[in-house]
Amino acid sequence: MSKYQQIYQVVRQIPLGQVATYGQIAELAGLPRQARLVGYALFRATDDTLEVPWHRVINAKGEISMSPLREGMDYVQRSLLESEGIEFDSNGKLNLTRHRWQPDLTQFG
DNA sequence: AGACTGACGGTCT
DNA sequence: GAGACCGCCAGTC
């Protein structure tokens, strides 16, 4: 299985109403310190042939990673999270301590 | 085959 | 707090 597949597999397990950071996904996927790969993988996952809740992955600052190359999908991401009950402050950040996914580590290595 | 490119994050200055 | 450095995948041309 490719590294991207490992990443998608972890992202698929993030529950509704919770979020994970790129670094957190990388670590759970067995790719420590390679948060960037998660970003690469998700960039290619948005055209959804896969059932991956890509909107539940945000950066370590608790913000949505913005880019014009996402063609508005970053704003869609915020809407999706809000529709799951997550609130953003005036700086565009959400409360990570409150919403961060805490996975059952026994199912990962 | 090789160059280019894109949702990051920890560490150090 | 902000900016620089660096790790190093996979699709496209």
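Residue numbers are given in numbering that gives the first Met the number 0: position 62 of the first sequence equals residue 61, and the series is strictly consecutive.
In this text, a Cβ means the ideal position worked out from N, Cα and C, and glycines have one as well.
One Cα belongs to ARG77, the other to THR105, and the distance between them is close to 31 Å. The C-beta of TYR74 has fewer than 16 other C-beta atoms within 10 Å across all chains shown, which makes the residue exposed.
As a beta-bridge residue in DSSP terms, LYS92 pairs with GLU62.
The alpha-carbon of LEU36 is positioned some 8 Å away from that of TYR3. Taking all protein chains in view, the Cβ of THR96 is surrounded by fewer than 16 other Cβ atoms within 10 Å, so the residue is classified as exposed. Inter-residue distance for SER82 and PRO31 is about 31 Å (C-alpha atoms, whole angstroms).
In this chain, the alpha helix (DSSP H) harbouring ALA25 covers 21-27.
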